[in-house]
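I have placed the structure first, in the form of structure tokens, so that the comments after it can refer back to it.
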Amino acid sequence: MTDVVLPCLNEAPALAWLLGRLPAGYRAIVADNGSTDGSAELARSLGATVVTVPQPGYGAAVHAGIVAADPADGVVCVMDADGSFDPAQLPLVADPVRAGTVRLALGRRRPTTRGAWPPHARLGNAVLARRLRRSTGLNVHDIGPMRAARRDDMLSLGLRDRRFGYPLELLVAAARAGWSVAEVDVAYHPRAAGTKSKVTGTVRGTARAIRDMSAVLAR
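At position 178 of the sequence shown (counting the first as 1) the number is 167 in the numbering used here, and the numbers step up by one without a gap.
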């Protein structure tokens, strides 16, 4: 059984569709990061494992979910819980890791509609990815929120960022550790109606994420 960590902050409108789309052999761990809309209760009622994460921040939620994952399978996936990714595509990132082809697989977002990925967020991502390629040599074009690796590998990196810098810190640490890293194309949809983006939905949120990630590159 492959665990899927879903960092969650008020994503109730997306959860039924999301959890219903998990492929056979995949199990959801909803890392609830202070939801006030009943996300945790709904996730439990739908059969997901729920981990309560009192420390605020995307990285805090992801880390807690990975710690809670079952080490028996070994491979763990991470994916946003807002409905922007189709869980049916999880094998695209999990299978290369399971086969030993790479140690970290990333979903490279391919928007399905013009409004799925706002221009300010897409530009900020492209700038950070370019800086990452220059500083690490990784052939990465998306600091994306869909990824897979072995649980013990990710914990061994000792990542410290508990905010929005977490995904970039993971890539920097993976490069320094000499990991093989690859991207695979995944569809990127508009987030579920009734959910609100903490990053890409506003220029302010995107700027905050870029600030956190830039601090990682400056270390």
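Where is the CB? At the ideal position from N, CA and C, for every residue including glycine.
Treat the numbers as computed from the prediction; the structure is a model and nothing was measured.
Going by CA-CA distance only, name the one from the options that's closest to residue i.
i             : options                           : result
valine 161    : Asp141, Arg122 and Pro179         : Arg122
alanine 70    : Ala37, Arg92 and Asp59            : Ala37
serine 145    : Gly154, Val129, Trp168 and Arg152 : Trp168
alanine 17    : Asn(-1), Ala57 and Ser24          : Ala57
valine 42     : Ala20, Ala61 and Arg103           : Ala20
glycine 104   : Gly113, His178 and Glu158         : His178
tyrosine 155  : Gly89, Ala110 and Ala49           : Ala49
arginine 210  : Asp59, Phe74 and Leu159           : This structure cannot speak to residue 210, because the chain is shown only from -10 to 208.
alanine 163   : Arg119, Glu172 and Met143         : Met143
glycine 133   : Tyr47, Asp59 and Leu35            : Tyr47
threonine 184 : Val(-7), Gly54, Leu4 and Val(-6)  : Leu4
Provide the residue(s) that pair with residue i in DSSP beta bridges, ordered along the chain.
i              : result
isoleucine 132 : DSSP lists no partner for isoleucine 132.
glycine 96     : Val173
alanine 138    : Val65 and Leu93
valine 42      : DSSP, once it has assigned bridges, lists no residue as partnering valine 42.
leucine -5     : Val19
With 16 as the cutoff for other CB atoms within 10 Å, does residue i come out buried or exposed?
i              : result
alanine 166    : exposed
methionine -10 : exposed
asparagine 22  : buried
aspartate 141  : exposed
aspartate 174  : exposed
tryptophan 6   : exposed
leucine 45     : The sequence shown places proline at residue 45, not leucine. The residue in question, proline 45, is exposed, as its Cβ has fewer than 16 Cβ neighbours within 10 Å.
threonine 102  : exposed
Taking Cβ positions only, does residue i come closer than 8 Å to chain D?
i         : result
valine 39 : The question asks about chain D, but that chain is absent: this structure has only one protein chain.
Original post:
If we count Cβ pairs, one from each stretch, closer than 8 Å, do we get three or more for the stretch 81 to 97 versus the stretch 128 to 137?
Top reply: Flag = yes, the stretch 81 to 97 and the stretch 128 to 137 touch.
**OP:** Would you check if there are 3 or more beta carbon pairs closer than 8 Å linking the stretch 94 to 103 to the stretch 24 to 35?
**Re:** no
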